[in-house]
Amino acid sequence: GAGVSQSPRYKVAKRGQDVALRCDPISGHVSLFWYQQALGQGPEFLTYFQNEAQLDKSGLPSDRFFAERPEGSVSTLKIQRTQQEDSAVYLCASSLASGSLDEQFFGPGTRLTVL
Amino acid sequence: AQSVAQPEDQVNVAEGNPLTVKCTYSVSGNPYLFWYVQYPNRGLQFLLKYITGDNLVKGSYGFEAEFNKSQTSFHLKKPSALVSDSALYFCAVRDRGGSYIPTFGRGTSLIVHP
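Keeping their order, the protein sequence lines are chains A and B. Numbered per the working numbering, the first sequence spans residues 7 to 121. Numbered per the working numbering, the second sequence spans residues 1308 to 1421.
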């Protein structure tokens, strides 16, 4: 029963490597958000999908960050040529409706450490 | 623009005592307000939300929050704290007439002592 799952839970990358982070939202949830959470901070918005459409990517910090949700369910956040400043916890959240008042259901996050 | 402030990095309270975790917000229009809790190595979990109507909102695990428009606050409260309430608490705001993207506060660490 299913909540939002994310994989891997932990990822260590050498600077310059590419990484891919996966999010499995709750089945049937229309909205999907990606957040970046630095140590001691709240989640910071990265990007938003409504089904397969990426409606907002204004929070992506650089063109090294790319997200997709091709079939409107599973989403992948890809970071190319990782830098040390990319080290953070990446959270995925889904909600039932679009642009909604519904609460978001969060996954456990992927902790990325870039050496 | 929208923003949230959680003025306390940490709140300490004895078990059985009432607790308050503070949150103030800023939006251009009217707010939607949320509280989430984060336990170690877990994702954020929804506690409660204010959309409209009664200013006192009741949520999960005995928590409640009061929307105060004049003070632009949405403080989280519980009459009697439990050790198991110890966690990180996040307040979030959305502008009702603006973006669907919520802005989260920095979080407040609640420590309940036995």
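By construction, the Cβ of each residue, glycine as well, lies at the ideal position given by its N, Cα and C atoms.
Is there a Cβ from chain B that is less than 8 angstroms from the Cβ of residue 48/A?
-> Within the first sequence, residue 48/A is the residue found at index 42, counting from 1. Residue 48/A counts as touching chain B.
Cα separation between residue 108/A and residue 85/A?
-> By 1-based counting over the first sequence, the position of residue 108/A is 102. By 1-based counting over the first sequence, the position of residue 85/A is 79. Each residue's Cα considered, the two are about 29 angstroms apart.
Go ahead and pull the three-state DSSP assignment for residue 90/A.
-> Position 84 of the first sequence, counted from the first residue, corresponds to residue 90/A. Residue 90/A falls in the helix class under three-state DSSP.
Residue 1317/B classed as buried or exposed, judged by whether at least 16 other C-beta atoms fall within 10 angstroms = For the purposes of this step, residue 1317/B is identified with residue 10 of the second sequence, where counting begins at 1. The residue in question, residue 1317/B, is exposed, as its Cβ has fewer than 16 Cβ neighbours within 10 Å.
What is the C-beta distance between residue 1351/B and residue 1364/B, in whole angstroms, given that I count them as a contact (C-beta under 8 angstroms)?
-> For this step, residue 1351/B is matched to residue 44 along the second sequence. For this step, residue 1364/B is matched to residue 57 along the second sequence. 18 angstroms between Cβ atoms; not a contact.
Short Cβ contact (8 angstroms threshold) for residue 1411/B with residue 1399/B | Walking along the second sequence from the start, residue 1411/B turns up at place 104. Walking along the second sequence from the start, residue 1399/B turns up at place 92. Contact: yes.
Between the Cα of residue 1359/B and the Cα atoms of 1346/B, 1419/B, 1381/B and 1314/B, which residue gives the shortest distance?
-> By 1-based counting over the second sequence, the position of residue 1359/B is 52. Out of 1346/B, 1419/B, 1381/B and 1314/B, 1381/B has the C-alpha closest to the C-alpha of residue 1359/B.
Output yes or no for whether 8 angstroms exceeds the beta carbon distance between residue 101/A and residue 111/A.
-> Here residue 101/A refers to the residue found at position 95 of the first sequence. Here residue 111/A refers to the residue found at position 105 of the first sequence. Yes, these two residues count as a Cβ contact at 8 angstroms.
Which bits of chain B does residue 115/A rub up against, with CB to CB less than 8 angstroms?
-> On the first sequence, position 109 is the one that residue 115/A refers to. Ordered by position in chain B, the residues that pass the 8 angstroms Cβ test against residue 115/A are 1350.
When you compare only the Cα positions, how much space is there between residue 1325/B and residue 1366/B?
-> What you label residue 1325/B is simply residue 18 of the second sequence in a count that begins at 1. What you label residue 1366/B is simply residue 59 of the second sequence in a count that begins at 1. The alpha-carbon atoms of residue 1325/B and residue 1366/B are separated by roughly 16 angstroms.
List the endpoints of the continuous beta strand (DSSP E) containing residue 1374/B.
-> Within the second sequence, numbered from 1, the residue matching residue 1374/B stands at position 67. Unbroken beta strand (DSSP E) run through residue 1374/B: 1371-1375.
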